[in-house]
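Terminal number for the sequence shown in the numbering used here: 412, no gaps in between.
Beta carbons: idealized from backbone N, C-alpha and C, even for Gly.
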Amino acid sequence: MLRQTAAVLAVLLSSTLFVAVPAAAHEPEAPASTTPPIFGAYYPGGSASRYPVSAIPADRLTHLFYAFSTIKDGRCVVGDEVPANFAALAELKRAHPHLRTLISIGGWNAGGFSDAALTAASRKRFVDSCMALFFERHAGSFDGVDLDWEFPVSGGPSEIAHRPQDRSNFTLLARAFRTALDAQGAKAGQPRLLTAALAAGRLQTDGPYDPAASYDLPALAAVFDFINLMSYDMGTGFSAVSTFNAPLHAVDADPLDPALKRWNNVAGAVQYYREHGVPADKLVLGVPFYGRGFKVTGDAPDGLYQPYSAPAEAGDWRTLKARYLGQPGWTQHWQAQAQSPWLYNAAEKVFISYEDPRSIALRSRFARSEGLRGLFMWELTGDDDQASLLRAMLSPYEDKLPGD
Numbered sequence: 009m010l011r012q013t014a015a016v017l018a019v020l021l022s023s024t025l026f027v028a029v030p031a032a033a034h035e036p037e038a039p040a041s042t043t044p045p046i047f048g049a050y051y052p053g054g055s056a057s058r059y060p061v062s063a064i065p066a067d068r069l070t071h072l073f074y075a076f077s078t079i080k081d082g083r084c085v086v087g088d089e090v091p092a093n094f095a096a097l098a099e100l101k102r103a104h105p106h107l108r109t110l111i112s113i114g115g116w117n118a119g120g121f122s123d124a125a126l127t128a129a130s131r132k133r134f135v136d137s138c139m140a141l142f143f144e145r146h147a148g149s150f151d152g153v154d155l156d157w158e159f160p161v162s163g164g165p166s167e168i169a170h171r172p173q174d175r176s177n178f179t180l181l182a183r184a185f186r187t188a189l190d191a192q193g194a195k196a197g198q199p200r201l202l203t204a205a206l207a208a209g210r211l212q213t214d215g216p217y218d219p220a221a222s223y224d225l226p227a228l229a230a231v232f233d234f235i236n237l238m239s240y241d242m243g244t245g246f247s248a249v250s251t252f253n254a255p256l257h258a259v260d261a262d263p264l265d266p267a268l269k270r271w272n273n274v275a276g277a278v279q280y281y282r283e284h285g286v287p288a289d290k291l292v293l294g295v296p297f298y299g300r301g302f303k304v305t306g307d308a309p310d311g312l313y314q315p316y317s318a319p320a321e322a323g324d325w326r327t328l329k330a331r332y333l334g335q336p337g338w339t340q341h342w343q344a345q346a347q348s349p350w351l352y353n354a355a356e357k358v359f360i361s362y363e364d365p366r367s368i369a370l371r372s373r374f375a376r377s378e379g380l381r382g383l384f385m386w387e388l389t390g391d392d393d394q395a396s397l398l399r400a401m402l403s404p405y406e407d408k409l410p411g412d
């Protein structure tokens with residue numbers, strides 16, 4: 009069955025990637041870039057049993073981020089599934105020489121960064137362990153490192169340690185990785201990549217979240233090859249009301265404080281990073297292949313911007329299509345400013361924000377019009393068997409696809 013799925017994906021993704029996109033607010037045309045766009049995907053290694061590395065549509069991607077390596081006792085570690093997966097990655101790269109693969113270190117539940125970045129000695133021990141693991145022990149599997157520290161200084165799960173000096177230490181850690189990767193790349197005769205996944209959402213465990221308080225953005229922009237902007241998770245269990253996971257623009261009716269609402273949307277997040285020293289061509293826009301749900305307690309007939317008692321299960325796009333879309337009791341809605349759909353079940357009082365091919369294509373068109381470096385998704389295995397969301401993400405770039 010998995011081989012059949014991979015074959016179907018290959019046929020679909022090699023065909024015309026047209027997705028009809030309705031007229032939207034005018035986006036200014038950015039100057040044409042000579043730098044090839046990035047089409048990235050995060051791939052969770054723990055999903056290999058149902059979505060093997062061999063099923064990855066590498067012919068339509070430029071960069072693949074393997075999630076995750078974590079940190080234990082100040083060193084990089086990986087799970088038991090890794091040896092077979094890493095060997096499969098090396099084989100995938102041989103079959104698709106254009107594909108760049110990066111090991112992503114960290115993730116939502118991964119602690120240890122604050123300690124690993126604390127001193128020159130701890131940074132060296134951490135960087136050396138990662139370089140030995142991924143470029144010596146598993147040589148041939150990776151072209152670079154992606155840092156996903158969630159989050160320096162504040163935010164993230166309550167059990168994750170923070171320090172005020174995390175902000176400056178993250179820059180020092182990034183520079184240490186840059187030095188090590190450049191040296192290893194010179195030895196191997198192939199440039200190595202260093203990237204990071206940085207936050208965009210403005211609400212966190214500790215309340216309003218300011219990325220510039222956690223990241224020295226101009227300094228990081230000078231070190232990283234590009235930044236994966238996590239332009240989603242803007243409507244979560246930290247929100248006051250049921251709202252959108254990744255609204256493209258601010259919504260007038262959103263009751264969020266205007267000072268936060270200005271930035272708590274995709275376009276606002278991009279503007280924020282640009283105003284804080286990150287060039288547009290260093291930003292890769294993230295799109296979510298999953299939804300966010302709320303158990304609503306308010307009485308609005310569409311469930312939007314209502315108080316709620318708890319988060320509700322939503323799942324990824326594959327799950328949403330199977331369980332909710334078109335099913336009795338569920339009504340689909342569209343918000344013109346957010347450029348996003350949502351579902352509401354009035355009987356169960358459950359609200360689900362998600363993205364579909366229409367909204368993904370609009371975000372991709374926005375990324376191209378703003379002169380951003382490209383797009384990535386979290387995460388690849390959440391797509392359906394027809395690769396509907398990936399095809400939508402690529403559709404505004406038909407003239408820039410890998411191999412074209």
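Where the alpha helix (DSSP H) through residue i begins and ends
{"i": "Gly193", "result": "Asp174 to Ala196"}
{"i": "Pro219", "result": "Pro219 to Ser222"}
{"i": "Ser396", "result": "Ser396 to Leu402"}
{"i": "Lys80", "result": "Segment His71 to Lys80 is the beta strand (DSSP E) holding Lys80; no alpha helix (DSSP H) there."}
{"i": "Arg331", "result": "Trp325 to Arg331"}
{"i": "Ala124", "result": "Phe121 to Ala124"}
{"i": "Leu100", "result": "Val90 to Ala103"}
{"i": "Asp136", "result": "Ala128 to Ala140"}
{"i": "Phe302", "result": "Phe302 -> not in any alpha helix (DSSP H); beta strand (DSSP E) instead, spanning Arg300 to Val304."}
{"i": "Ser55", "result": "No alpha helix (DSSP H) contains Ser55, which DSSP labels as neither H nor E."}
{"i": "Ile368", "result": "Pro365 to Ser377"}
Residue environment, residue i, which counts as buried when at least 16 other CB atoms sit within 10 Å
{"i": "Arg58", "result": "exposed"}
{"i": "Gln343", "result": "buried"}
{"i": "Asp307", "result": "exposed"}
{"i": "His104", "result": "buried"}
{"i": "Gly163", "result": "buried"}
{"i": "Pro266", "result": "exposed"}
{"i": "Asp407", "result": "exposed"}
{"i": "Ala169", "result": "exposed"}
{"i": "Arg300", "result": "buried"}
{"i": "Ser247", "result": "buried"}
{"i": "Ala147", "result": "exposed"}
{"i": "His106", "result": "exposed"}
{"i": "Trp386", "result": "buried"}
{"i": "Asp190", "result": "exposed"}
{"i": "Thr251", "result": "buried"}
{"i": "Asn273", "result": "buried"}
{"i": "Val90", "result": "buried"}
{"i": "Lys415", "result": "With the chain represented from 9 up to 412, any question about residue 415 goes unanswered, as that position is not in the structure."}
{"i": "Asn177", "result": "buried"}
{"i": "Ser137", "result": "buried"}
{"i": "Lys132", "result": "exposed"}
{"i": "Pro172", "result": "exposed"}
{"i": "Ala371", "result": "Sequence check: residue 371 is Arg here, not Ala. By the neighbour-count rule (16 or more Cβ atoms within 10 Å), Arg371 is buried."}
{"i": "Ser317", "result": "exposed"}
{"i": "Asn117", "result": "exposed"}
{"i": "Thr179", "result": "buried"}
{"i": "Ala32", "result": "Annotation note: pLDDT 42 at Ala32 (below 50); position unreliable, no value reported."}
{"i": "Arg145", "result": "exposed"}
{"i": "Arg373", "result": "buried"}
{"i": "His34", "result": "Per-residue confidence for His34 stands at a pLDDT of 38, beneath the threshold of 50, marking its modelled position as unreliable; the derived number appears in the next sentence. Looking at its Cβ environment, which holds fewer than 16 other Cβ atoms inside 10 Å, His34 is exposed."}
{"i": "Pro165", "result": "exposed"}
{"i": "Ala92", "result": "exposed"}
{"i": "Ala355", "result": "exposed"}
{"i": "Gly119", "result": "buried"}
Residue i - containing beta strand (DSSP E), residue span
{"i": "Thr203", "result": "Leu201 to Ala207"}
{"i": "Ile360", "result": "Val358 to Ser361"}
{"i": "Ile113", "result": "Arg108 to Gly115"}
{"i": "Gly276", "result": "Counting along the chain, Gly276 falls outside any beta strand (DSSP E), though it belongs to the alpha helix (DSSP H) covering Val274 to Glu283."}
Bridge partner(s) assigned by DSSP for residue i
{"i": "Ala49", "result": "Leu72 and Met385"}
{"i": "Tyr352", "result": "Thr339 and Phe359"}
{"i": "Val292", "result": "Asn236 and Gly382"}
{"i": "Tyr316", "result": "Val304"}
{"i": "Asp156", "result": "Gly114"}
{"i": "Pro216", "result": "Leu211"}
{"i": "Val85", "result": "Thr78"}
Supposed close pair residue i, residue j - CB separation, criterion 8 Å
{"i": "Ser69", "j": "Ala125", "result": "The amino acid occupying residue 69 in the given sequence is Leu; Ser does not appear at that position. Leu69 to Ala125, Cβ: 30 Å. No contact."}
{"i": "Thr389", "j": "Ser62", "result": "13 Å between Cβ atoms; not a contact."}
{"i": "Leu225", "j": "Ala346", "result": "Not really, about 26 Å apart at Cβ, beyond 8 Å."}
{"i": "Phe150", "j": "Leu110", "result": "6 Å"}
{"i": "Thr203", "j": "Asn253", "result": "The Cβ separation is near 23 Å, so there is no contact."}
{"i": "Phe302", "j": "Trp325", "result": "Going by Cβ atoms, the distance from Phe302 to Trp325 rounds to 18 Å, so no, they are not a contact pair."}
{"i": "Ser122", "j": "Asp174", "result": "5 Å"}
{"i": "Ala230", "j": "Ala277", "result": "With 8 Å as the limit, Ala230 and Ala277 do not qualify as a contact, their Cβ atoms being about 20 Å apart."}
**OP:** Flag this pair as touching only if the stretch 262-282 and the stretch 192-202 have three or more C-beta atom pairs under 8 Å; answer yes or no.
**Re:** no
**OP:** Answer yes if the stretch 393-403 comes into contact with the stretch 73-92, meaning at least three C-beta pairs across the two stretches below 8 Å, and no otherwise.
**Re:** No, the stretch 73-92 is not in contact with the stretch 393-403.
Original post:
Do the stretch 328-345 and the stretch 355-371 touch if we need at least three Cβ pairs shorter than 8 Å?
Top reply: yes
Original post:
Is the stretch 184-193 touching the stretch 145-160, taking contact as three or more C-beta pairs under 8 Å?
Top reply: yes
Original post:
Are there three or more Cβ pairs, one per stretch, closer than 8 Å when the stretch 377-396 is compared with the stretch 284-302?
Top reply: The stretch 377-396 vs the stretch 284-302: in contact.
Original post:
For the stretch 84-100 against the stretch 63-76, are there 3 or more C-beta pairs whose distance is under 8 Å?
Top reply: Because the criterion of three Cβ pairs below 8 Å is met, the stretch 84-100 and the stretch 63-76 touch.
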